[in-house]
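Here is the structure we will look at.
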Amino acid sequence: MDADIFSKRHWHIQSCSAVTGEGLVEGLDWMVGDIASRIFMGE
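This note's numbering puts the sequence shown at residues 260 to 302.
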């Protein structure tokens, strides 16, 4: 497996619950922030 495919990705592991929704907002906040930074930086 080529390790370069992992180093070029942004990763975040967020625990969450499908029952209570706990952790969902935090994970989505990270995702939105990451996407926003890529758009701003032009990556």
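In this text, a Cβ means the ideal position worked out from N, Cα and C, and glycines have one as well.
Every value quoted in this text rests on a predicted model; they were computed, and no experiment measured them.
Beta carbon of residue i nearer than 8 Å to that of residue j
i: residue 280; j: residue 273; result: no
Nearest-angstrom Cα separation, counted from residue j out to residue i
i: residue 266; j: residue 278; result: 32 Å
Rounded Cβ spacing between residue i and residue j (contact assumed at less than 8 Å)
i: residue 286; j: residue 275; result: 6 Å
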